[in-house]
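Taken in sequence, the protein lines are chains X and B. Heads up: the first sequence begins at 0 in numbering that gives the first Met the number 0, then just goes up one per residue. Heads up: the second sequence begins at 0 in numbering that gives the first Met the number 0, then just goes up one per residue. Glycine is no exception: its CB is placed at the ideal position from the N, C-alpha and C atoms. All values derive from a computational prediction rather than experimental measurement. Here is the structure we will look at.
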Amino acid sequence: MRKEVIYQLGNTYRDDLRIYGYHFGKGEKSACIVGSMRGNEVQQMYVCSQLVKALKELEGHGGFVPGSEILVIPSVNHFSMNIGKRFWAVDNTDINRMFPGYDQGETTQRIAAGVFDVVQHYSCGIQFTSFYMPGDFIPHVRMMETGFQKPSLANLFGLPYVVIRKPRPVDTTTLNYNWQIWDTNAFSVYTNATDRIDQVSAGQAVASVLRFLTRMGFLRYTSHSGYIATVVREDDLKNVKSDAAGIYRRLVEPGQEVKKGEVLAEVLDPHEGDVVSRILSPERGIIFFAYAQPLVMERAIIFKIIKRLHQ
Amino acid sequence: MIKTVVSVGLPVDEKLRIRKQTMEGPEAKGEKKRICIVTGTHGDELEGQYVCYELGRRLKEQKEHLKGIVDIYPALNPLGVDSITRGIPMFDLDMNRIFPGNEDGPVPEYVASRIIEDIKGADLCIDIHASNIFLREIPQVRISEMTAKALLPYAKKLNIDYVWIHGAATVLEATLAHSLNMIGVPTLVVEMGVGMRITLEYGRQLADGIFCLMKELGIWDGDVIRPKKPIISTDGQVGFVNANHSGIFIPHVDHWESIRKGETIGEILNPLEGKVEENLYSPCDGMVFTLREYPIVNSGSLIARVLGGEFH
Ligand SMILES: [Zn+2]
Chain X
0 MRKEVIYQLG NTYRDDLRIY GYHFGKGEKS ACIVGSMRGN EVQQMYVCSQ LVKALKELEG
60 HGGFVPGSEI LVIPSVNHFS MNIGKRFWAV DNTDINRMFP GYDQGETTQR IAAGVFDVVQ
120 HYSCGIQFTS FYMPGDFIPH VRMMETGFQK PSLANLFGLP YVVIRKPRPV DTTTLNYNWQ
180 IWDTNAFSVY TNATDRIDQV SAGQAVASVL RFLTRMGFLR YTSHSGYIAT VVREDDLKNV
240 KSDAAGIYRR LVEPGQEVKK GEVLAEVLDP HEGDVVSRIL SPERGIIFFA YAQPLVMERA
300 IIFKIIKRLH Q
Chain B
0 MIKTVVSVGL PVDEKLRIRK QTMEGPEAKG EKKRICIVTG THGDELEGQY VCYELGRRLK
60 EQKEHLKGIV DIYPALNPLG VDSITRGIPM FDLDMNRIFP GNEDGPVPEY VASRIIEDIK
120 GADLCIDIHA SNIFLREIPQ VRISEMTAKA LLPYAKKLNI DYVWIHGAAT VLEATLAHSL
180 NMIGVPTLVV EMGVGMRITL EYGRQLADGI FCLMKELGIW DGDVIRPKKP IISTDGQVGF
240 VNANHSGIFI PHVDHWESIR KGETIGEILN PLEGKVEENL YSPCDGMVFT LREYPIVNSG
300 SLIARVLGGE FH
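Structure (structure tokens):
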């Protein structure tokens, strides 16, 4: 393993921002794994730290196939993490909306350019990231439909689901999109936590990346075969919204099978405690995403359901 | 008349409401024209608040001259305006990146779709922004190359100092202005002043310009001023100055003043060590139309934009 500062930014009031890369193996740029790019993505950094630990051990036991190099960047934006902010501390910009970056531009464009310069040209790029709605997912791999995406490769992670979605204008400045545009096979891996550590899904995420790297021929590692992934399109997920506002009580978990008409959640009057609404499942299916906050707004998306494919 | 454009229940008792004032001329006949004035998409930009007030005041005072419909939306992001939050509170999302929205999507996208639905069919829309808390801007209209031909005639009537015609970017396709331009509502984006402040002089200047445009559209038949002739630019003539060090920025020039190539725009100072970290120079002869207002800078922070050319 070789640890290196891949980007450094000076600061008058704080320590310098130092972004580290951990290189394993020698040879072709095979895979690059990027962790937290936002200050609340603690689980994403944790998963990468566990991956660095596992790769270190594998390297010591001859687990690397000669000729391939793997890079892990556990965190990009610990400057925000250290002060409890999600986005860049000064101007609240999101580094993951600044790619491919510009080295003469604004601060977060410079950081993005510095990172992109190092992470591009790898044949595979894996990013651990988070969703803008607070909630829990079934662990899955997400790909954007850029015309360059390869869902068959996403299958090699052995996670239960692969989600494909059409990029929107805001997505064109993400790392994932730019990786794909510049010839890297890019995958975003979602575990079921962000600002807290979930050991089980972190373990599953580490195992899925090791499985992927093995199946791609970069590692020698005996892994469980994992799942044969179901490929779903984001548009095919059924959104369930809350029809009332108040205190939110969730009754089902991600991964759970639900029947049509089953009560998924209750909304309570925030002062009197009565149930003002019971949210029913519109379909038979599997809970893919579940909102996770104690309060809910009217019209908020609280579940995404994978419609039952085989009746 | 005050109308609610969209309303969404918040968890405890309150409702998020986007409201507008609709003013309609009593004598309007035949094809009634409608203009929409919108602002407050970014909750930390307040310059448009005074413009909305001033328009409403003048229209009420001289009702007899109003011949069409004027819709005034002072706060598209009311929770943000009230809480000094640039994005939409609770979502940490830039509202100007989610248009045209989606009726069935998450709450911010639902709200965006209702706003578009409400403005749809108007003859003109003016979307007033106020830079951000970091940069001060002269009153200007920003239009993309793609819409320049259609929008420039309107921009010239708006009594602003400058029209910046910029290149297209995919990410800007999710702005309110782009979405409205796509559905046939000509929309001008105004940028002026600085975040978290109101510059009265700019507010009056723009209000005067909006009356000029309304006269042109046949919505207003009262007296108007003669709009000032804006300087018009293209991307190629704009020079950018960014910081390369962190520290405090002290400007050496005034905003909207002419400058020579190589002249000092300002310095970045280190308060701990008592030294100058960096001197920043103008990349060309021209006018400083954007100037850093917020003193703390990082490497990369935008310091100034200079419009190249000879101005007197
Ligand atoms: Zn704005």
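By alpha-carbon positions, which one of the options ends up nearest to residue i?
| i | options | result |
| --- | --- | --- |
| X/ALA153 | X/THR229, X/VAL262 and X/TYR6 | X/THR229 |
| X/ILE315 | X/VAL75, X/THR221 and X/ARG210 | Residue 315 of chain X lies beyond the stretch modelled for chain X, which goes from 0 to 310, so this question has no answer here. |
| B/TYR49 | B/MET191, B/GLU256, B/PHE133 and B/THR21 | B/MET191 |
| X/GLY146 | X/GLN119, X/VAL117, X/PRO269 and X/TRP178 | X/TRP178 |
| B/ILE83 | B/ARG196, B/ASP103 and B/ALA173 | B/ARG196 |
| B/GLU292 | B/TYR161, B/VAL188 and B/ILE249 | B/ILE249 |
| B/HIS244 | B/VAL237, B/PRO229 and B/LEU279 | B/LEU279 |
| X/ILE5 | X/GLY216, X/GLY254, X/VAL118 and X/GLU282 | X/VAL118 |
| X/TYR121 | X/ASP14, X/PHE186, X/MET36 and X/LEU279 | X/PHE186 |
| B/VAL305 | B/GLU262, B/ASN297 and B/ILE267 | B/GLU262 |
| B/PRO99 | B/VAL11, B/LEU179, B/TRP219 and B/VAL140 | B/LEU179 |
| X/GLY254 | X/GLN42, X/ASP268 and X/SER200 | X/SER200 |
| X/ASN238 | X/MET0, X/ILE278, X/LEU8 and X/THR221 | X/ILE278 |
| X/GLY284 | X/GLN292, X/LYS306 and X/LEU8 | X/LYS306 |
| B/LEU378 | B/ALA129, B/SER6, B/VAL193 and B/ILE36 | Any property of residue 378 of chain B remains undetermined from this structure, which presents chain B solely from 0 to 311. |
| X/PRO312 | X/PRO133, X/GLY38, X/LYS28 and X/ASP102 | As displayed, chain X neither begins before 0 nor continues past 310, which places residue 312 of chain X out of reach and without an answer. |
| X/TYR12 | B/GLY246, B/ASP93, B/SER300 and B/THR169 | B/GLY246 |
| B/THR38 | B/GLN20, B/GLN61 and B/GLU30 | B/GLN20 |
What is the DSSP secondary structure of residue i, counted as helix, strand or coil?
| i | result |
| --- | --- |
| B/ILE17 | strand |
| B/TYR161 | strand |
| X/ASP242 | coil |
| X/GLN310 | Residue placement at X/GLN310 is flagged as unreliable, the pLDDT there being 47, under the threshold of 50; a coordinate-derived value is accordingly withheld. |
| X/GLY390 | The structure shown does not extend to residue 390 of chain X, since chain X is modelled only from 0 through 310, so no value can be given for it. |
| X/GLN312 | With chain X represented from 0 up to 310, any question about residue 312 of chain X goes unanswered, as that position is not in the structure. |
| X/VAL205 | helix |
| B/ASP207 | helix |
| B/VAL11 | coil |
| X/VAL51 | helix |
| B/ASN76 | coil |
| B/TYR119 | First, the residue type needs correcting, since residue 119 of chain B is Lys and not Tyr in the sequence shown. In the structure shown, B/LYS119 sits in coil (DSSP, three-state: anything other than H, G, I, E or B). |
| X/LYS258 | coil |
| B/PHE90 | coil |
When every heavy atom of ligand 2 is checked, does at least one fall within less than 7 Å of the C-beta of residue i?
| i | result |
| --- | --- |
| B/THR198 | In terms of ligand content, the structure shown lacks ligand 2 and carries ligand 1 instead. |
Beta-carbon of residue i versus every beta-carbon of chain X: anything under 8 Å?
| i | result |
| --- | --- |
| B/ILE231 | no |
| B/ASP122 | no |
| B/SER300 | yes |
| B/GLY246 | yes |
| B/ASN76 | no |
| B/ASP91 | yes |
| B/VAL96 | Reading off the sequence shown, one finds Arg at residue 96 of chain B, where the question assumed Val. Closer than 8 Å: yes. |
| B/ASN269 | yes |
| B/ASN241 | yes |
| B/ASN297 | yes |
| B/ASP207 | no |
Any Cβ of chain B within less than 8 Å of the Cβ of residue i?
| i | result |
| --- | --- |
| X/ILE18 | no |
| X/TYR354 | An answer regarding residue 354 of chain X cannot be provided, because it is not within the stretch 0 to 310 covered by chain X. |
| X/PHE86 | yes |
| X/ALA244 | yes |
| X/PRO138 | no |
| X/ASN95 | no |
| X/ASP90 | yes |
| X/GLN310 | Its pLDDT being 47, under 50, X/GLN310 is placed unreliably by the model, and the measurement read from it follows with that caveat. Cβ-Cβ to chain B under 8 Å: no for X/GLN310. |
| X/PRO253 | no |
| X/MET0 | no |
(request) Could you name the residues of the segment 277-307 of chain X whose beta carbon sits closer than 8 Å to any beta carbon of chain B, in the order they occur along the chain? (result) LEU294, VAL295, MET296, GLU297, ARG298, ALA299 and ILE300
(request) Taking only beta carbons into account, state which residues of the segment 2-16 of chain X come closer than 8 Å to chain B, listed in chain order. (result) LEU8, GLY9, ASN10, THR11 and TYR12
(request) Would you mind listing the alpha helix (DSSP H) stretches within the segment 54-89 of chain X that are 4+ residues and don't spill past its ends, in chain order? (result) 77-80
(message) Output needed in chain order: residues of the segment 152-177 of chain B with a Cβ under 8 Å from some Cβ in chain X.
(response) THR169, VAL170, LEU171, GLU172 and ALA173
(request) Could you name each continuous alpha helix (DSSP H) segment of 4 residues or more that falls completely within the segment 40-73 of chain B, going from the start of the chain to the end? (result) 46-60
(request) Could you name the residues of the segment 105-117 of chain B whose beta carbon sits closer than 7 Å to any beta carbon of chain X, in the order they occur along the chain? (result) PRO105, VAL106 and TYR109
(message) Please give the ranges of any beta strand (DSSP E) in the segment 131-191 of chain B, keeping only runs that are unbroken, at least 3 residues long and fully inside the region.
(response) 134-143 and 161-165
(message) Please identify, using Cβ separations under 7 Å, the residues of the segment 98-128 of chain X that lie next to chain B, in order along the chain.
(response) GLN103, GLY104, GLU105, THR106, GLN108 and ARG109
(request) Residues of the segment 160-187 of chain X with a CB closer than 8 Å to any CB of chain B: list them in chain order, please. (result) ARG167, PRO168, VAL169, THR171 and THR172
(request) With a floor of 3 residues, list each beta strand (DSSP E) that falls wholly inside the segment 159-230 of chain X, ordered by position along the chain. (result) 160-164 and 184-189
(message) Short of 7 Å Cβ to Cβ, which residues in the segment 6-19 of chain B face chain X?
(response) VAL7, GLY8, LEU9, PRO10 and VAL11
(request) Could you list the residues in the segment 127-142 of chain B with a C-beta less than 7 Å from some C-beta on chain X, going in chain order? (result) PHE133
(request) May I ask you to list, following chain order, the residues of the segment 220-238 of chain X that have a beta carbon less than 9 Å from some beta carbon of chain B? (result) ASN238
(request) May I ask you to list, following chain order, the residues of the segment 258-271 of chain X that have a beta carbon less than 7 Å from some beta carbon of chain B? (result) PRO269
(request) Closer than 8 Å, Cβ to Cβ, to anything on chain X: give me those residues from the segment 58-87 of chain B, in chain order. (result) ARG85 and GLY86
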